[in-house]
Each structure stands twice: as structure tokens, then as C-alpha cells.
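Input: a single structure, listed below in C-alpha cells.
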Amino acid sequence: MHHDDRIRVVYPHGGRRVLLHWWTEDDRGHVIIANTERSAYATAMSVFEEHTDVEIKDYCEIDIVAPSTVMHARYAASQLDKRIFMFHREVISALHDVVAVGHALPAFFVPCETYVPDEDDADPDEWAREKHYDCKYCVEKIKLVGMTPSGMYSRWYEAWRAVHPVNEYVDPKKALSRAAVTDVETSLQYARPAFGPHASGIELCAWDSDCPNSDALFFFRRVRNLATTALQDVIDSLESTRTSRNEKREAERIAERERFERECIETTLTFFARRCR
Numbered sequence: 001m002h003h004d005d006r007i008r009v010v011y012p013h014g015g016r017r018v019l020l021h022w023w024t025e026d027d028r029g030h031v032i033i034a035n036t037e038r039s040a041y042a043t044a045m046s047v048f049e050e051h052t053d054v055e056i057k058d059y060c061e062i063d064i065v066a067p068s069t070v071m072h073a074r075y076a077a078s079q080l081d082k083r084i085f086m087f088h089r090e091v092i093s094a095l096h097d098v099v100a101v102g103h104a105l106p107a108f109f110v111p112c113e114t115y116v117p118d119e120d121d122a123d124p125d126e127w128a129r130e131k132h133y134d135c136k137y138c139v140e141k142i143k144l145v146g147m148t149p150s151g152m153y154s155r156w157y158e159a160w161r162a163v164h165p166v167n168e169y170v171d172p173k174k175a176l177s178r179a180a181v182t183d184v185e186t187s188l189q190y191a192r193p194a195f196g197p198h199a200s201g202i203e204l205c206a207w208d209s210d211c212p213n214s215d216a217l218f219f220f221r222r223v224r225n226l227a228t229t230a231l232q233d234v235i236d237s238l239e240s241t242r243t244s245r246n247e248k249r250e251a252e253r254i255a256e257r258e259r260f261e262r263e264c265i266e267t268t269l270t271f272f273a274r275r276c277r
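Going by the working numbering, the first residue of the sequence shown is number 1, and it counts up by one from there.
Written out as C-alpha cells, the structure is:
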């Protein structure tokens, strides 16, 4: 089974762009990508009008680039390691079910008789000892012998998948970048989504070659920081307008509540005045 493990991105276009990274308490981090400062400013106006607590996190000119061949290779290697890891556990889980109904283990697999925690300083409880939790030698009390997980993957993965097919998810929003391929990884950054409870929204991160991943929206290099004065002035003026508008609405709400209370009191007095003469 062929796996195309090249890094894919959500925003496949490349070249010089203007990036505005904005943040709000409710919506978290988002980015605006524009061809010019003028178009970035125009888009920002609609954002600022809609959100009451917007904060500018970053405003800069960037070059959007495509991952290098080395980056693709590192990511592919990390994906292969993950597949080997998961295949090993998938096979062991299936064999665990076989043993549970009384069948013997096939060749290359034996019961693990000695539990040794994978971490030397671990202090396992009775449950961990019983289940061989995180054992250095086995998975689910079944040990692979005479073969490594990598060797098992190379030898059996294709045949196993023919019997146990899976539908591997392919994100339809992602594609190979069409930007110019970067020549070095130094100072390379990427935008990535991090949504969910207590998450930060879209984040701008430094690329870590030792921990490659495929959750990038796009890769870029910072060219220069841009002045945020004009944008901040708009935010401040809108905040002043919002404050004035909110104060007016609050005053109207209080006046309406007081009017209602007066009418209730007058209605009550009138009711008893007519009946208690």
C-alpha cells in the first residue's frame, strides 16, 4: 500500500503577503492573509466592526513558501514510525482476542511472563502489574520475539491490510503547496489551527525539524514587521464608540425599568383606591 506522506497545507498559494494575526476572548486567534497592506486594512475593518475585544497579536510582511524535500522526508519518516507503532498494537489486540477464547499464539508471539515498566523510575500499582501497563517487553501481555515491530510491518502489513482494510482519512481542504520550495529551515514558521476548549485558535509557530507535523495552514518566513498604529487607532475609536453606545443602551434600559416600576406602582395604588373607599 503506497502512502503519500508529503506535507500538505490548507493555503497552497505562495509569495509575498501581508499577515495580520488577531485575537479575541471568544473567538481566539485568527489570521488575515492579503496581497497588500491596503487590502489587509479593508478586511480588518469588517473584523473590528464585528468583534468588540479584538487584539492585534502580529502584523507583518511574509514570504509564503513550500516545504523542502528534507522536510517532506522527515515527515514521511515520522508517519512511518506511527504506522509501525499502530500496526504492532493492532495485531497484538487481535491476538489478544484469539488468546481470550483459548487459542494458542502463532509463531513470533509469546506470553510475557515478566513485567518491567518502560520507565525505570515508575511506581506501578497492582492494576498496572496485572495488565503489564506500559511494559518494556510487551503489549497487552503479548511479546513479539524473533522480529521487530518494523520487521513485522515490512513483512505483513500489505497482506494484513488486504484482510483488514481501513479507510484512511484524507483532509479534502489540504493540498500540496504551490509556493516556491524553501531551501533552508532556518527561521521558518508556520500557521496552525488549535481550536477546542481552552485552545488558542490559529497560532504562529516556529518550525521544529525534530518534531515534524502536518497541521500547517501554510509555511512562511517573516520579512518585516508592519506598523500597527493605524489599525490600533481604529480599534480604539471603535471601542470608544461601542462604550458610548453601550452606555446609552444601559441608560435607556434603566429608564425603561424605572418607567415600568412606576406604572406597576400606579396600577397597584389605583386598584386599591377604587376598592377601599
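Don't be surprised by glycine CBs; every beta carbon is placed ideally from N, CA and C.
Taking a cut-off of 8 Å for Cβ pairs, the region 52-60 and the region 4-22 touch, as three or more such pairs fall below it. Of the candidates Ala40, His30, Arg6 and His3, Ala40 places its Cα closest to the Cα of Ala230. The distance from the Cβ of Leu217 to that of Tyr11 is about 5 Å, consistent with a contact at the 8 Å cut-off.
Met71 and Ile142 do not touch by the CB rule: their CB atoms are close to 37 Å apart, not below 8 Å.
Cys135 counts as buried, since no fewer than 16 other beta carbons sit within 10 angstroms of its beta carbon. CA-to-CA, the gap between Asp183 and Asp123 works out to about 47 Å. Using a Cβ distance threshold of 8 Å, Pro165 and His88 do not count as a contacting pair.
A direct Cα-to-Cα measurement between Ala100 and Val139 gives close to 15 Å. In its own chain, leaving out the 5 sequence neighbours on each side, no residue places its CB closer than 6 Å to the CB of Trp160. Boundaries of the alpha helix (DSSP H) around Phe85: Thr69 to Ala100. The criterion of a C-beta distance shorter than 8 Å is not satisfied by Arg221 and Ile32.
Residue environment analysis places Leu269 among the exposed positions, since fewer than 16 neighbouring C-beta atoms fall within 10 angstroms of its C-beta. For Ala34, the uninterrupted beta strand (DSSP E) segment begins and ends at Arg28 to Ala34. Secondary structure at Val163: helix, using DSSP grouped into helix, strand and coil.
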